[in-house]
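**Student:** Residue numbers (my numbering): 43 to 912.
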Amino acid sequence: MSGALGGFLGLVGMSAVAGILVTAAVAPAVALSGMAATNTINVFDSLPEYLSIDRLSQKSNIYASTNAEDPVGTRVLLASFYEQNRVDVASDAISQFAKDAAIAGEDPRFMEHGGVDIQSSFNGAVQTLAGGGTRGGSSITQQYVKNVLIQKCEVMTDADAAKSCYADATKPTADRKLREMRLAIGIEKKYEKADILRGYLNIAGYGGTVYGIEAAANYYFNTTALNLTLPQAASLVAIVNNPVKFQLDHPDSETNGAANGYAANKLRRDYILDEMLKYDKIVQADYDAAIAAPIEPVITVPSTGCQTAGDNAFFCDYVTKILKNDVTFGATEEERLANFSQGGFNVYTTLDLELQATAVAALNANVPKTYDDWNVGGVVSSVQVGTGNVLVMTQNKDYSQDPAVQATGANYTSINYNTDFAYGGSGGFQPGSTYKVFTLAEWLKEGHALTERVDSRRKSNWGNFQDSCLGVRNYDNDTPPFNPRNDSNESGTNYSALQSTMGSINTGFIGMAKKLDLCGIRKTAENFGVHRADGGALDQGAASVIGTNEIAPLTMAVAFAGIANNGMTCSAVAISKMLASDGTELPIPKSNCQQSVEPAVAAGMQYAMKTVMGGGGTANESNRNTSPRLPMIGKTGTTDGAKDTWMSGASTKVATVVGVVNVGGNNWKSQRSYKNTLLGKYAATARHRIWPLVMSNANAKYGGDDFPEASSSVINAVAVPVPDVRGKSMAEAKSTIEGAGFLFVDGGVTSSEIPAGTVANTDPAGGSASTRGATVTAFSSDGTGVVIPAVIGKTEADARATLSAAPYGFSVAKLEQAVTDKAQDGKVVAIQPGEGTASRPGDGVTIVIGKYTAPEPAASGQGANNGKNG
43 MSGALGGFLG LVGMSAVAGI LVTAAVAPAV ALSGMAATNT INVFDSLPEY LSIDRLSQKS
103 NIYASTNAED PVGTRVLLAS FYEQNRVDVA SDAISQFAKD AAIAGEDPRF MEHGGVDIQS
163 SFNGAVQTLA GGGTRGGSSI TQQYVKNVLI QKCEVMTDAD AAKSCYADAT KPTADRKLRE
223 MRLAIGIEKK YEKADILRGY LNIAGYGGTV YGIEAAANYY FNTTALNLTL PQAASLVAIV
283 NNPVKFQLDH PDSETNGAAN GYAANKLRRD YILDEMLKYD KIVQADYDAA IAAPIEPVIT
343 VPSTGCQTAG DNAFFCDYVT KILKNDVTFG ATEEERLANF SQGGFNVYTT LDLELQATAV
403 AALNANVPKT YDDWNVGGVV SSVQVGTGNV LVMTQNKDYS QDPAVQATGA NYTSINYNTD
463 FAYGGSGGFQ PGSTYKVFTL AEWLKEGHAL TERVDSRRKS NWGNFQDSCL GVRNYDNDTP
523 PFNPRNDSNE SGTNYSALQS TMGSINTGFI GMAKKLDLCG IRKTAENFGV HRADGGALDQ
583 GAASVIGTNE IAPLTMAVAF AGIANNGMTC SAVAISKMLA SDGTELPIPK SNCQQSVEPA
643 VAAGMQYAMK TVMGGGGTAN ESNRNTSPRL PMIGKTGTTD GAKDTWMSGA STKVATVVGV
703 VNVGGNNWKS QRSYKNTLLG KYAATARHRI WPLVMSNANA KYGGDDFPEA SSSVINAVAV
763 PVPDVRGKSM AEAKSTIEGA GFLFVDGGVT SSEIPAGTVA NTDPAGGSAS TRGATVTAFS
823 SDGTGVVIPA VIGKTEADAR ATLSAAPYGF SVAKLEQAVT DKAQDGKVVA IQPGEGTASR
883 PGDGVTIVIG KYTAPEPAAS GQGANNGKNG
């Protein structure tokens, strides 16, 4: 300004400047020296000196391992997650070059002042007020305070509050500077210089989402903070001064790019090197070499998000959902997300990378990622028996959460087919006949045996089913009618539970359910940890017995592991260890193990499910293709129309579920049709090609033992007497036979003397013993039969007269038989059919007539000898 007016205004302006300088420069000096307070000093002293330094936002890592016994020592990084890419490191993990560069370039008197450098603050204030712009002058401690305040804003979940907080922490005003000074002095009272410098280097921003010296060294130069060279350290410290202007990851920048040797950064870097030489932090030779060194960044982008986990991405996603959902990691979802994305956790998982790689290869070889007119999916889940550890989780798709990427091809999805909806999964899949094992469990729990038989005829009038929760259920009038058929068209009418399990016979299991409680079957399934993938309640209707509930594959793997574990089911766990950034071990969700059924019942289930794996069983193909072939149990499953096919089974160490499924809409094909192939092979047997590959690896690595022997009472049905119902009406006979636990079958009409319409006889006959549930066939009398009369002891003539007379009219044939009793000579000694046997009039009978033959005389002397020996 010029002239009188300008001089006057300048005088007024400098008066204002003087007042601010007292606040910005004199007050800190007074505070440090203990001088008497003035009004300005009182203002300064009234500001808080305490600053809480919260946990820094750091990236968290998820690891898998090749050795469950040593998850840390054999760890492989799956993915990292962060809002700020930072790794907080100790002072001795930071290069001395970086420490010296920070001091020389930002605060040369750092080691001498008490938190505020008076000279720098004064110069900065003068330049700010006189020039209208802002200038540095903040000490390292002040910068640290500012960054701590900004960090508090960064972690706020309310966007408006965070914006206001950031503006307050960065506004270029004297009162903000004054508060910053006061807090810096408080920091210096509480912490050592080395700790403040370490905190500063760890909290500072280095451009974009890169925070802290360790992450910056990794990102910009693919090295560690400890191994930074002198020129690298100076370049990184240069970025802190103005991250946008000096960052090194924009090679196309006109002002700071590869073409001009990152000129802006180099200018600042070289200034820092000058200061380091000036303050004797480095020697001339090191300075000369560093000044001559070109800036050559090696940008190394850290893995962020599960898409970087490749074949393990869906398992990685499952782990993140656990971290988000489980209250072990925080009371609310927001707290849990913040803890993970900012906490610097190292999460070690249960995934077995060797077994996982086998499963991935097996899927890739048998189920394509896409199919022109078939929305086909393939899934594999494996769980360790007795621990619940998830060892394998993969599917035939590529992982992406980005809708734009998903739009590029049907091979991309964010849906994890192995898990529940709440954990990133779908609504689940019908498991088909693999679900029958829970009816088998309830059957044995209720005291039935494996060899006990049930009515297995196909029909649409199954009648009433007991349901203790919802009341008696009847499906006879359903539209369409409830008329389940057998997949292989088995037509037996009286299968045993063992036969039904071995052959996966639908009508056999419906017949078993008729003798059970539908609610009990549902509860038994729930005892094995089974639940719908969509979170709804399990359906318990008769159709559910053969697998109509939508279940996640991982849930079924857990249940089969429970069967293999002698009825003790352990819930799935995916995290084996979790460490905080300082190495402290953190609490993790534990597997919850419960006795689902008694061991004796589990032994019976295992016995039956081993027959499924044997010759004639539906899973024999999987069993015979597994090597080494240890004792294994299994169950196959096929849904309506062969839309989905399953192979589920276990050794005593590992349970595996493999499914080839429809993953959306009506775009599916019957896997039973030989026209429908996957990668040139029959679709229906893809499960039997994948499962053995996974279990061969599992058996070789984890081994396996014999399953316990099942008791005879579990295997063999109790023999009970067949009721004698001769002469009863067919309705009464049916009620009596079924009441005794047998299956009644009407054998039709037979000739009998018993009144027409009543039971003539049964097979097995009344009074004989048979197993409970076996078929008893009853034959009704036509009323035309006669009973062969008693003629034994009569003469031939009398017998013929009786047998040929009405009402018999039998045709009589004769046989002779030698007799030694003279009284039987010429008399009937036997008749065929026997006396009392029902027959038709006019049928043929045979009488046997005795013919006396005198005995031969004894040899001479023989009688005397016999007398002596007698």
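Glycine residues also receive a C-beta, built at the ideal position from the N, C-alpha and C atoms. Only a predicted model underlies this, so the values are computations on that prediction, with no experimental measurement involved.
For W688, name the three-state secondary structure that DSSP assigns.
**Tutor:** Numbered from its first residue, the sequence shown carries residue 688 at position 646. DSSP places W688 in strand when its eight states are reduced to three.
**Student:** Which of the three DSSP states is assigned to G76 in this structure?
**Tutor:** For the purposes of this step, residue 76 is identified with residue 34 of the sequence shown, where counting begins at 1. Its pLDDT being 38, under 50, G76 is placed unreliably by the model, and the measurement read from it follows with that caveat. Three-state result, G76: coil.
**Student:** Nearest to L119 by CA position, among I341, M198 and Y105, is which residue?
**Tutor:** One-based indexing of the sequence shown puts residue 119 at position 77. Per the Cα distances, Y105.
**Student:** Quick one: what's V890 bridged to in DSSP?
**Tutor:** The count along the sequence shown starts at 1 and reaches residue 890 at position 848. Per DSSP, L857 and A872.
**Student:** With DSSP as the reference, identify every bridge partner of T391, one or two as the case may be.
**Tutor:** Within the sequence shown, residue 391 is the residue found at index 349, counting from 1. Looking at the DSSP assignment, T391 forms a beta bridge with I617.
**Student:** Compute the distance between the beta-carbons of A661 and G646, then report whether it is under 9 angstroms.
**Tutor:** Within the sequence shown, the letter at position 619 stands for residue 661. Within the sequence shown, the letter at position 604 stands for residue 646. Cβ distance not < 9 angstroms, so A661 and G646 don't count as in contact.
**Student:** Tell me whether F784 sits in a helix, a strand or coil according to DSSP, three-state version.
**Tutor:** Reading the sequence shown from its first residue, position 742 is the one you call residue 784. Correct three-state label for F784: coil.
**Student:** Leaving aside the five residues before and after L319 along the sequence, list all residues of the same chain whose C-beta is less than 6 angstroms from its C-beta, in chain order.
**Tutor:** As a first step, residue 319 must be located in the sequence shown, where it is residue number 277. Contacts found: Y329.
**Student:** Secondary structure at V736, three-state DSSP: helix, strand or coil?
**Tutor:** As a position in the sequence shown, residue 736 is number 694, starting the count at 1. Of the three classes helix, strand and coil, the one that applies to V736 here is helix, per DSSP.
**Student:** Between which two residues does the alpha helix (DSSP H) containing D805 stretch?
**Tutor:** By one-based count along the sequence shown, residue 805 stands at place 763. Segment V801 to D805 is the beta strand (DSSP E) holding D805; no alpha helix (DSSP H) there.
**Student:** Give me the Cα-Cα distance between Y894 and I834, rounded to the nearest whole angstrom.
**Tutor:** Here residue 894 refers to the residue found at position 852 when the sequence shown is read from its first residue. Here residue 834 refers to the residue found at position 792 when the sequence shown is read from its first residue. Taking the straight line from one Cα to the other gives about 16 angstroms.
**Student:** Please classify E494 as buried or exposed, where buried requires at least 16 neighbouring CB atoms within 10 angstroms.
**Tutor:** Counted from its first residue, the sequence shown places residue 494 at position 452. Its Cβ being crowded by 16 or more others within 10 Å, E494 is buried.
**Student:** Express the C-alpha separation of D867 and I873 in angstroms, rounding to a whole number.
**Tutor:** Against the sequence shown, residue 873 aligns to sequence position 831. Against the sequence shown, residue 867 aligns to sequence position 825. Each residue's alpha carbon lies about 16 angstroms from the other.
**Student:** Residue ranges of each alpha helix (DSSP H) run of no fewer than 4 residues wholly in the region 195-261, ordered along the chain?
**Tutor:** 201-212, 216-232 and 235-245
**Student:** Please state whether the Cβ-Cβ distance between A798 and G769 is less than 9 angstroms.
**Tutor:** Position 756 of the sequence shown holds residue 798. Position 727 of the sequence shown holds residue 769. Cβ atoms of A798 and G769: not closer than 9 angstroms.
**Student:** If I measure Cβ to Cβ from C195 and keep anything under 7 angstroms in the same chain, skipping five residues before and after, which residues do I get?
**Tutor:** Here residue 195 refers to the residue found at position 153 of the sequence shown. Taken in chain order, the residues that qualify are A204, C207, Y208 and A211.
**Student:** Near L315, which residues of its chain fall below 7 angstroms by C-beta distance, leaving aside the five closest residues on each side in sequence?
**Tutor:** As a first step, residue 315 must be located in the sequence shown, where it is residue number 273. Contacts found: A276, Y329, A332 and I333.
**Student:** Which of the three DSSP states, helix, strand or coil, is assigned to F570?
**Tutor:** Reading the sequence shown from its first residue, position 528 is the one you call residue 570. Of the three classes helix, strand and coil, the one that applies to F570 here is coil, per DSSP.
**Student:** What three-state label does DSSP hand E795 in the structure shown?
**Tutor:** Numbered from its first residue, the sequence shown carries residue 795 at position 753. In the displayed model, E795 falls within coil according to three-state DSSP, outside both helix and strand.
**Student:** Using the C-alpha atoms, what's the distance from G722 back to D497?
**Tutor:** In the sequence shown, residue 497 corresponds to position 455, counting from 1. In the sequence shown, residue 722 corresponds to position 680, counting from 1. One C-alpha to the other measures close to 41 angstroms.
**Student:** Within 10 Å of its beta-carbon, does T215 have 16 or more other beta-carbons around it, so buried, or fewer, so exposed?
**Tutor:** Here residue 215 corresponds to residue number 173 of the sequence shown, with the count starting at 1. Answer is exposed; the Cβ neighbour count stays below 16.
**Student:** For the region 687-695 against the region 392-403, are there 3 or more C-beta pairs whose distance is under 8 angstroms?
**Tutor:** no
**Student:** Just to confirm before moving on: does the CB-CB distance between D686 and D576 stay below 9 angstroms?
**Tutor:** Stepping through the sequence shown from its first residue, residue 686 is reached at position 644. Stepping through the sequence shown from its first residue, residue 576 is reached at position 534. Using a Cβ distance threshold of 9 angstroms, D686 and D576 do not count as a contacting pair.
**Student:** Quick check on DSSP: helix, strand or coil for T895?
**Tutor:** Position 853 of the sequence shown, counted from the first residue, corresponds to residue 895. T895: coil per DSSP, three-state reduction.
**Student:** Shorter than 8 angstroms, the distance from the beta carbon of N591 to the closest heavy atom of the ligand ATP, or not?
**Tutor:** Inclusion of the ligand ATP in the displayed structure is not the case, the ligand content being empty and no account of it being possible.
**Student:** Note down the Cα distance separating F50 from R218, rounded to an integer number of angstroms.
**Tutor:** Taking the first residue of the sequence shown as 1, we reach residue 50 at position 8. Taking the first residue of the sequence shown as 1, we reach residue 218 at position 176. At F50 the pLDDT is 38, less than 50, meaning the model places this residue with poor confidence; the figure from the coordinates comes in the next sentence. About 29 angstroms.
**Student:** Nearest CA to the CA of N708: which residue from K565, V418, Q161 and A355?
**Tutor:** Locating residue 708 in the sequence shown gives position 666, where the first residue counts as 1. For the residues K565, V418, Q161 and A355, the minimum Cα distance to N708 belongs to V418.
**Student:** Using only the alpha-carbon positions, how far apart do T817 and A880 sit?
**Tutor:** Residue numbering aside, residue 817 sits at position 775 when the sequence shown is read from its first letter. Residue numbering aside, residue 880 sits at position 838 when the sequence shown is read from its first letter. Straight-line Cα distance between these residues: approximately 24 angstroms.
**Student:** Does T82 come out as helix, strand or coil in the three-state DSSP assignment?
**Tutor:** Sequence index remark: in the sequence shown, residue 82 carries index 40 (1-based). Residue placement at T82 is poorly supported in this model, since its pLDDT is 44, which falls under 50; the coordinates still yield a value, given next. DSSP places T82 in helix when its eight states are reduced to three.
**Student:** Kindly list the residues whose CB is nearer than 6 angstroms to the CB of S823, restricted to its own chain and excluding five residues on each side of it in sequence; keep chain order.
**Tutor:** The count along the sequence shown starts at 1 and reaches residue 823 at position 781. Correct list, in chain order: S794, I796, A798, T800 and A802.
**Student:** Quick check: the region 607-615 against the region 631-641, are there 3 or more CB pairs under 8 angstroms?
**Tutor:** yes
**Student:** Does A684 pass the burial test, meaning 16 or more other C-beta atoms within 10 Å, or should it be called exposed?
**Tutor:** As a first step, residue 684 must be located in the sequence shown, where it is residue number 642. Buried is the call here.
**Student:** If G470 sits next to N460, beta carbons under 8 angstroms apart, how far is it from one beta carbon to the other, in whole angstroms?
**Tutor:** Residue mapping note: residue 470 aligns to position 428 of the sequence shown, counting from 1. Residue mapping note: residue 460 aligns to position 418 of the sequence shown, counting from 1. Incorrect: roughly 10 angstroms between the Cβ atoms, too far for contact.
**Student:** Would you mind working out which of N634, M651 and V587 sits nearest F602, comparing C-alpha positions?
**Tutor:** As a working mapping, residue 602 is identified with position 560 in the sequence shown. Among N634, M651 and V587, the Cα nearest to that of F602 belongs to M651.
**Student:** By Cβ distance, which residues of its chain are closer than 7 angstroms to I732, with the 5 residues on each side in sequence left out?
**Tutor:** Taking the sequence shown and counting its residues from 1, the one referred to as residue 732 is at position 690. So the qualifying residues of the chain are A404, L405, N408, V422 and V700.
**Student:** Over what stretch of residues does the alpha helix (DSSP H) that includes Y329 continue unbroken?
**Tutor:** To locate residue 329, count along the sequence shown from 1; it is residue 287. Note, Y329: alpha helix (DSSP H), Q326 to A334.
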